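Structure record follows, encoded as structure tokens.
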Amino acid sequence: MSLYSRSYVLSGWLMIGWLGMAGSAYASPLSFDDALALGVRNAPELSANAARIASAQELIEPADALPDPKLSLGVTNYPVSGPEKGSLTESQMTMQRIGLSQAIPNGAKRHARKAIAEAELGNAQALRHVVHLMVHHHTAQAWFKRYYLERKLEQLDELDQENRLLTTTVQAQIASGSAPLTDSVLAKQAVAELADRRDALESERIAAIAELRRYVGEAANEPLEGAPPSFDFSPEALRASVKRYPEMLVLAAQTRTAEARLAEAKAEKRPDWGVELAYQHRDERYGDMVSAQVSFDLPLFSGSRQDPTIRARQHSVERLQFEHDALRREQMSELEGHLADYAALSHQLKRAQTTWLTLANQKVELQYAAYKNGQSTLDAILAARRELIDQRLRIIDLKQQRDLIAMQLHFSYGEPMNE
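Just so we're aligned: the sequence shown equals residues 18 to 436 in my numbering.
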């Protein structure tokens with residue numbers, strides 16, 4: 018190999034090593050807060066909402082602006098018969114005209130249009146809060162799901178040592194003639210059963226990583242860091258803050274938009290007006306002329322034109338107000354349900370940790386001691402161990418369910434999120 022080839026290969030290996038070091042330097046464990054931040058940063062829904070807010074902001078300034086002025090060009094009193102037919106100069110009345118006019122909507126209508134634009138901006142901003150909540154919920158659920166699956170796998174790993182002790186005990190009992198040979202098969206079946214459960218959990222963990230990757234990208238491949246946060250809350254404070262629930266804020270913003278549209282419909286009953294200034298050129302023998310005029314709309318038939326629109330928009334406002342009240346009641350009911358579920362899960366978790374788990378451990382120990390004394394069977398030990406495993410995994414499930422409810426209560430009814 019030539020010196021040039023060796024240098025090229027060496028450079029390539031150095032570059033690969035440098036990239037590997039760079040990749041490991043930037044890789045870091047994924048905490049709960051990091052996952053939420055990445056979920057917000059990567060969410061296309063938030064980018065779409067940001068564009069909607071920018072669009073609404075751009076529409077505020079021109080909302081109450083005057084219409085563009087109009088330029089008019091033409092000929093008036095042009096003769097089409099008689100001795101002056103077809104001439105622009107022979108008739109004293111024929112004029113070449115240029116005019117400029119400006120329509121001026123009434124002040125109430127312009128104010129209402131600006132109010133509509135501002136309400137649409139408020140609606141877009143309220144929707145942003147809803148999207149934030151959705152992204153936080155989905156990201157947190159995916160992180161929780163993976164976290165608690167990994168806690169279950171840790172529980173199964175701890176059981177491997179117990180399996181080895183059980184296998185040693187079974188072999189000793191068989192060797193002493195205190196247990197039948199079939200117990201060695203039962204012990205191996207218990208090990209295989211535990212391996213099956215581990216494989217199933219590992220498959221769920223891989224699926225959970227894929228779900229988390231949807232929200233945080235490749236950071237989902239990193240190990241998790243830390244435990245779920247403790248969401249402390251006061252039921253009284255949550256009940257008082259139902260009005261800040263994101264969907265309530267959106268409905269309130271929609272109501273403000275409807276009210277502004279109602280004000281616009283009422284303003285249609287007030288006349289708009291306009292001004293026009295025109296310069297009229299005639300033959301030099303007659304001299305040029307200037308004219309000015311003011312025009313007014315005459316809403317004389319409001320009973321069949323403006324009033325139906327006003328009534329329709331009034332009904333829209335009333336509908337949104339009723340929907341707001343219905344949503345408030347629904348959210349209060351849902352909140353009470355969440356609080357009841359949280360309390361029940363907390364009681365069940367405490368009972369599982371202090372009572373059921375203790376009893377399951379005692380049962381395994383008693384069956385184990387009885388088996389070594391020839392007073393029990395291996396089937397009884399394995400059944401007790403299954404109960405213990407199920408109880409340990411149930412405790413993890415209870416923690417996950419309780420933490421998910423606490424997270425939802427915190428984000429939905431707690432302090433507004435920093436956006």
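Think of the CB as a built atom: it goes at the ideal place given N, C-alpha and C, for glycine as much as any other residue.
Values in this document were obtained by computation on a predicted structure and should not be read as measured data.
Counterpart residues of residue i in DSSP-defined beta bridges
i	result
residue 318	DSSP lists no partner for residue 318.
residue 159	Answer is none; residue 159 lacks a bridge partner.
residue 138	Its beta-bridge partners do not exist; DSSP assigns none.
residue 311	292
residue 349	Answer is none; residue 349 lacks a bridge partner.
residue 47	241
residue 306	297
Beta-carbon proximity check, residue i vs residue j, cutoff 9 angstroms
i	j	result
residue 47	residue 263	no
residue 408	residue 361	no
residue 289	residue 126	yes
residue 152	residue 57	yes
residue 413	residue 214	no
residue 53	residue 429	no
residue 157	residue 273	no
residue 143	residue 73	no
residue 84	residue 119	yes
residue 123	residue 111	no
residue 266	residue 218	no
residue 162	residue 235	no
residue 275	residue 317	no
residue 323	residue 285	yes
residue 269	residue 341	yes
residue 292	residue 349	no
residue 281	residue 129	yes
residue 396	residue 203	yes
residue 180	residue 208	yes
residue 121	residue 90	no
residue 352	residue 261	no
residue 246	residue 50	yes
residue 147	residue 60	no
residue 174	residue 190	no
residue 297	residue 307	yes
residue 406	residue 138	no
residue 359	residue 422	yes
residue 393	residue 379	no
residue 106	residue 305	no
residue 391	residue 196	yes
residue 132	residue 329	no
residue 113	residue 97	no
residue 279	residue 327	yes
residue 45	residue 242	yes
Residue i, enclosing beta strand (DSSP E) - first and last residue
i	result
residue 107	Neither: residue 107 is in no beta strand (DSSP E) and is coded neither H nor E.
residue 91	87–93
residue 114	112–121
Closer than 8 angstroms: residue i CB and nearest the ligand FAD heavy atom
i	result
residue 317	Of the ligands one can find in the structure shown there are none, so the ligand FAD has no counterpart to examine.
Reference residue i; option with closest CA among the options
i	options	result
residue 410	396, 122, 373 and 392	373
residue 381	63, 183 and 213	183
residue 108	427, 346 and 303	303
residue 357	426, 376, 82 and 300	426
residue 250	75, 50, 45 and 420	420
residue 159	230, 218 and 70	230
residue 401	131, 123, 72 and 386	386
residue 221	203, 257 and 164	164
residue 141	200, 66, 258 and 76	66
residue 55	233, 309 and 405	233
residue 244	77, 417 and 399	417
residue 117	309, 283, 365 and 254	309
residue 64	278, 371, 327 and 145	145
residue 170	216, 321 and 178	216
residue 194	388, 315, 99 and 103	388
Span of the alpha helix (DSSP H) around residue i
i	result
residue 97	Residue 97 -> no alpha helix (DSSP H), and no H or E assigned at all.
residue 69	61–75
(request) Output the residue ranges of the alpha helix (DSSP H) runs that lie fully inside the region 366–422 and measure 4 residues or longer, sorted by chain position. (result) The region 366–422 contains these whole alpha helix (DSSP H) runs: 374–389.
(message) At 4 residues or longer, what runs of the alpha helix (DSSP H) sit wholly inside the region 220–268?
(response) Complete alpha helix (DSSP H) runs here, min 4: 252–257.
(message) To test your reading of the DSSP string, which unbroken beta strand (DSSP E) runs of 3 or more residues are found completely within the region 275–300?
(response) Qualifying beta strand (DSSP E) stretches, in chain order: 290–298.
(message) My parser needs the beta strand (DSSP E) runs of 3 or more residues fully inside the region 178–210; what are they?
(response) Those beta strand (DSSP E) runs which fall completely within the region 178–210 and span 3+ residues do not exist here.
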